[in-house]
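Quick note: the sequence shown, position 72, residue 72 per our numbering, numbers continuous.
All C-beta atoms in this analysis are idealised placements derived from N, C-alpha and C, irrespective of residue type, glycine included.
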Amino acid sequence: MEYSAAVPPVETLNVKTIKSGLRDNIVTRRFIYLVNPISGTSKKEAFIKLLKNISNQRNLNYEIVPTSSTGNYDFLIDKIRDEQITDIVIIGGDGTVNQVINALRHLPVRFGIIPFGSGNGLAFSAGIPKKPKEAFELILTGSAMPVDAFMVNDQFSCMLTGLGFDAQVAHDFATKDSRGLLTYTQQSLLNFFKAHPYQFEVVLDSFSFFTDAFFISVANSNQFGNNFTIAPAASLQDGLLDIVIAQKMNKAKLPFAILRQIRGNNKLQQLVEDMANKNVLYFQTPSLTIKNLKHAPLHIDGEPRETIEELKIEIIPHCFHLIRSMA
């Protein structure tokens with residue numbers, strides 16, 4: 001582990017109550033920078049050096065800790081409590097963000113993200129700058145806001161879960177040595193020619209329906225990543241999940257239907273009325289069950305997961321506090 005210079009911590013911030021344990025007063029900010037050494041397409045050495053320089057110049061109280069490849073962060077829980085850590089800064093991609101927030105969301109800390117992953121969907125949905133230095137400046141000057149998340153059975157998701165076409169892309173993308181938008185686009189094109197609909201049953205509070213669909217996306221944020229918007233009306237703090245279902249159609253129509261969706265031309269629908277005559281269904285709900293009748297592949301926050309026959313999905317309102325843009 002790596003520590004800052006032994007200087008008195010003088011950086012303070014008027015911190016609003018986040019969860020029990022932080023009060024409305026002047027609190028010395030104490031940072032843990034969690035660095036994923038392998039995520040993203042660029043080496044982080046230059047930025048880590050810059051991060052140290054800025055932190056030392058501002059007399060920040062900080063420690064640099066590598067992320068856990070297993071997603072186990074139990075070793076940080078006592079440290080956060082004993083040392084009154086206020087901020088967990090995640091330097092990595094959506095998979096790392098998912099693991100860290102899931103492990104530590106019950107603690108009275110704020111989370112900051114410096115996007116260094118392949119997609120960075122949650123960061124971009126939250127208006128966090130793409131440039132690492134600007135993202136760090138936002139962490140130092142921005143406000144923490146409550147953000148929703150959701151559970152997929154017993155698995156945590158803070159951004160997007162998908163079944164079908166996009167999940168297959170995620171599975172194939174994970175096997176590639178080269179990561180980034182170009183590789184993701186290549187895998188998307190390859191999978192498009194092989195894509196076929198899967199059979200699902202979607203169960204809501206008031207009714208259920210069967211659909212053959214190329215994919216189902218369950219979105220808390222509005223992005224797949226790389227500024228590719230799949231659920232234009234999605235909000236990180238509205239207590240609702242945005243559901244996008246690309247139903248069976250002539251495959252030649254599929255790219256145009258998706259393009260219409262990402263441009264926001266496909267409005268939120270009265271589901272019962274539009275189910276039979278819309279290529280893409282788009283609606284909101286706080287919970288649903290998806291019966292995955294043909295074992296479509298699954299991803300959670302861009303990470304491939306073993307497929308599940310039945311997914312019970314439910315929003316967790318105001319699950320954690322994220323330092324984000326107010327714009």
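Comparing alpha carbon positions, the residue from 195, 145, 28 and 163 closest to residue 86 is 28.
Under the DSSP assignment, residue 81 falls in the alpha helix (DSSP H) whose first and last residues are 74–82.
A straight-line Cα-Cα distance of about 11 Å links residue 230 and residue 121. The Cβ-Cβ distance between residue 91 and residue 35 falls below 7 Å. Among the bridge pairs identified by DSSP, residue 199 is matched with 212. For residue 95, same chain residues with a beta-carbon under 8 Å away, outside a window of 5 residues either side, are 39, 117, 301, 302 and 303 in chain order.
Counting C-beta pairs closer than 8 Å gives fewer than three between the segment 70–84 and the segment 132–149, which falls short of the contact rule. In the DSSP assignment, residue 54 falls within the unbroken alpha helix (DSSP H) covering 45–57. If you look at residue 139, you'll find it in the alpha helix (DSSP H) that goes 132–141. Residue pairing for residue 285: DSSP places it in a beta bridge opposite 241.
The alpha-carbon separation between residue 212 and residue 296 amounts to approximately 11 Å. A distance below 7 Å between beta-carbons, with the five flanking residues on each side excluded, links residue 294 to the following residues of its chain, in chain order: 198 and 199. Bounds of the beta strand (DSSP E) holding residue 35 are 30–35. Between residue 285 and residue 204 a beta carbon distance of about 6 Å is seen, short of the 8 Å cut, so the two are scored as contacting.
Residue 87 is bridged by DSSP to 31 and 110. When DSSP reads this structure, residue 259 sits in no beta bridge, so it has no partner.
Residue 281 counts as buried, since at least 16 other C-beta atoms from the protein chains shown sit within 10 angstroms of its C-beta.
For residue 157, there is no enclosing alpha helix (DSSP H); the enclosing beta strand (DSSP E) covers residues 155–157.
Annotation for residue 161: 152, 218 and 300 place their beta carbon closer than 6 Å to its own, counting only its chain and skipping 5 residues before and after.
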